[in-house]
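Residue numbers (the working numbering), protein chains in the order written: chain B, 314 to 504; chain C, 314 to 504. For reference, the structure discussed in these notes is given below.
Number of protein chains: 2
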Amino acid sequence: MSDSATGSKRKDARRNQQALLDAAAAVFVTAGVEAPVRDIAAKAGVGIGTIYRHFPTRADLVIAVYRHQVEACAEAGPALLASSPTPYAALESWADLFVDFLVTKHGLATAMRNDSTGFETLHAYFLDRLLPVCAQLLEAAAASGEIRADLDAYQLMRGIGNLCVGAETDTRYDARRLVALLVAGLRRRVG
Amino acid sequence: MSDSATGSKRKDARRNQQALLDAAAAVFVTAGVEAPVRDIAAKAGVGIGTIYRHFPTRADLVIAVYRHQVEACAEAGPALLASSPTPYAALESWADLFVDFLVTKHGLATAMRNDSTGFETLHAYFLDRLLPVCAQLLEAAAASGEIRADLDAYQLMRGIGNLCVGAETDTRYDARRLVALLVAGLRRRVG
DNA sequence: TTGCAAAGCGGAACCGTGTTCCGTATCTTT
DNA sequence: AAAGATACGGAACACGGTTCCGCTTTGCAA
């Protein structure tokens with residue numbers, strides 16, 4: 314994942330990398346994840362070349378900015394499983410958490426679906442980190458008999474991600490609710 | 314919606330418009346809905362200016378190309394309601410139909426979510442035409458007591474559309490199934 | 001048939017974005 | 001202080017959408 318690991322020899326390089334991370338975080342909030350690279354560079358007070366040296370692809374930058382939150386989301390999985398009354402309840406809560414994360418990051422979900430720019434890496438990162446967590450929740454809920462076992466974690470993750478697309482720019486659309494409905498669709502009937 | 318209504322004075326203008334529609338349809342199949350405008354113009358054997366004169370925005374072109382199929386989808390709603398055993402079954406079938414339409418049009422769903430180019434018009438067209446149909450199905454199924462009545466047609470439409478994003482480029486992802494699950498989530502429990 | 005105004009055409013040119021590349025500046029080490 | 005390594009900046013290029021305007025075609029009228 315590039316040299317995002319903050320370990321460089323030169324002081325200016327480290328300073329610039331941090332400046333870029335800060336600038337990117339700020340710009341992402343106001344202008345969305347797809348903000349022009351030039352804007353981020355400008356905000357950080359560095360040239361365009363510098364941004365590309367530190368983060369070879371846009372995805373690397375986005376990942377670096379959101380790494381902590383993705384990590385938190387991943388760690389919440391097992392935690393919820395331990396603290397919830399049933400595995401299904403844990404799955405519900407985790408889905409909520411994940412949706413919140415996607416929706417509050419202006420355009421993140423949309424960006425990840427955008428075939429255009431090299432966002433496949435981003436997609437891959439999310440999958441790598443969160444798929445196992447989702448799978449664990451899904452399996453637990455299936456094992457407890459609360460849900461059907463015929464949907465794999467990959468599809469559920471993609472489905473949740475997709476439902477979040479554009480959620481932040483449309484007040485008539487409530488992604489969290491639709492995701493809840495989707496998860497509810499997994500539930501065995503009769504209950 | 315522009316002069317898409319094939320009524321022009323000059324013969325060459327009408328010919329070119331048809332050539333553009335044919336070319337666009339062909340290119341959409343092979344290169345997706347987001348194919349470069351230049352490619353479509355080239356395929357039709359006309360200049361770039363011509364394409365913009367006939368279809369002021371990309372969306373107008375896309376709409377013109379798919380108008381028939383959208384129409385068919387709209388008309389299928391009432392028909393299914395009449396021919397299905399229950400309103401809920403009709404809703405299920407219609408969702409399937411709609412998903413098929415979106416998924417088989419290379420990138421249509423994705424394009425509609427793409428904030429970038431003027432695809433809002435496209436979005437608006439789909440909504441105008443299909444929302445009432447969806448609403449009717451939803452209301453019927455709610456009235457029959459098969460589903461909960463607390464999700465409006467707009468959100469369901471958006472949800473279905475979103476679930477179809479990227480479905481054609483990922484063999485591990487089955488949009489139809491997820492949409493079925495979402496619809497199932499509407500169902501009242503207990504059965 | 002011919003003339004001519006209206007309608008339509010083509011594509012060069014412009015804009016905004018991502019990305020590359022290399023001469024120059026800065027840092028670190030000795 | 002000098003030299004080598006490292007990083008920087010931003011001009012330049014690629015690409016796709018869109019505009020604009022001089023030129024061509026068409027159809028009507030004389």
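C-beta atoms are modelled at their ideal positions from N, C-alpha and C, and glycine is treated no differently. Quantities reported herein were computed from a predicted structural model and do not represent experimental measurements.
Start and end residues, alpha helix (DSSP H) containing residue i
{"i": "A497/B", "result": "488-499"}
{"i": "N329/B", "result": "324-344"}
{"i": "F439/C", "result": "433-456"}
{"i": "L393/C", "result": "371-396"}
{"i": "S406/C", "result": "400-417"}
{"i": "A348/B", "result": "Neither: A348/B is in no alpha helix (DSSP H) and is coded neither H nor E."}
{"i": "G474/C", "result": "466-476"}
{"i": "A422/C", "result": "421-426"}
{"i": "G358/C", "result": "No alpha helix (DSSP H) holds G358/C; DSSP gives it neither H nor E."}
Beta-carbon proximity of residue i to residue j, cut-off 8 Å
{"i": "R471/C", "j": "Y486/B", "result": "yes"}
{"i": "I353/B", "j": "L333/B", "result": "yes"}
{"i": "Y401/B", "j": "I473/B", "result": "no"}
{"i": "R489/C", "j": "D409/C", "result": "yes"}
{"i": "H419/B", "j": "V342/B", "result": "yes"}
{"i": "A389/C", "j": "W407/C", "result": "yes"}
{"i": "V478/C", "j": "V412/B", "result": "no"}
{"i": "A462/B", "j": "A455/B", "result": "yes"}
{"i": "V375/C", "j": "L443/C", "result": "no"}
Cutoff 8 Å: residue i Cβ touching any chain B Cβ
{"i": "T370/C", "result": "no"}
{"i": "G360/C", "result": "no"}
{"i": "Q449/C", "result": "no"}
{"i": "L421/C", "result": "no"}
{"i": "V346/C", "result": "no"}
{"i": "M314/C", "result": "Note that M314/C scores a pLDDT of 42, beneath 50, so its modelled location is shaky; the value from the coordinates is reported in the next line. Judged by the 8 Å Cβ criterion, M314/C is not in contact with chain B."}
{"i": "L440/C", "result": "no"}
{"i": "L464/C", "result": "yes"}
{"i": "G458/C", "result": "no"}
{"i": "R323/C", "result": "no"}
Minimum Cβ-Cβ distance from residue i to chain C less than 8 Å
{"i": "S317/B", "result": "Interpretation of S317/B is limited by its pLDDT of 46, a score under 50 that renders its predicted location unreliable; no figure is taken from the coordinates."}
{"i": "V383/B", "result": "no"}
{"i": "V478/B", "result": "yes"}
{"i": "L491/B", "result": "yes"}
{"i": "R502/B", "result": "yes"}
{"i": "R366/B", "result": "no"}
Neighbour list for residue i in chain B, Cβ cutoff strictly below 8 Å
{"i": "D487/C", "result": "Q468"}
Neighbourhood of residue i by C-beta distance below 7 Å, restricted to the same chain and skipping five residues each side
{"i": "F414/C", "result": "Q382, C386"}
{"i": "L285/C", "result": "No information on residue 285/C is available, as it lies outside the stretch 314 to 504 that chain C covers here."}
{"i": "L464/C", "result": "L499"}
{"i": "Q331/B", "result": "none"}
Proximal residues to residue i (C-beta, below 8 Å), its chain only, five neighbours per side dropped
{"i": "E405/C", "result": "A493, V496"}
{"i": "G458/C", "result": "R501"}
{"i": "V378/B", "result": "L334, A337, A338, F341"}
{"i": "L394/B", "result": "P400, A403, Q449, L450, A453"}
{"i": "V416/C", "result": "A422, C477, A480, E481, A488, R489"}
{"i": "Y438/C", "result": "M314, A372, I376, V383"}
{"i": "L440/C", "result": "Y467, M470"}
Contact list for residue i against chain B, beta-carbon separation under 9 Å
{"i": "L444/C", "result": "Chain B residues near L444/C: none, gap ~11 Å exceeds 9 Å."}
{"i": "L404/C", "result": "Near L404/C there are no residues of chain B at all, since even the closest Cβ is about 13 Å away, more than 9 Å."}
Proximal residues to residue i (C-beta, below 6 Å), its chain only, five neighbours per side dropped
{"i": "A424/C", "result": "V346, E347, F432"}
{"i": "T363/B", "result": "N329"}
{"i": "K356/C", "result": "A336, V340"}
Residue i: contacting residues in chain B (beta-carbon distance under 7 Å)
{"i": "L499/C", "result": "L494"}
{"i": "G472/C", "result": "L476, L491"}
Under 8 Å from the C-beta of residue i: neighbouring residues of chain C
{"i": "R351/B", "result": "Those do not exist, as R351/B stays about 17 Å from chain C at its closest Cβ, beyond 8 Å."}
{"i": "N329/B", "result": "What N329/B touches in chain C: nothing, since even the nearest Cβ is about 30 Å away."}
Residues that residue i contacts on chain C, provided the C-beta gap is smaller than 9 Å
{"i": "R380/B", "result": "What R380/B touches in chain C: nothing, since even the nearest Cβ is about 24 Å away."}
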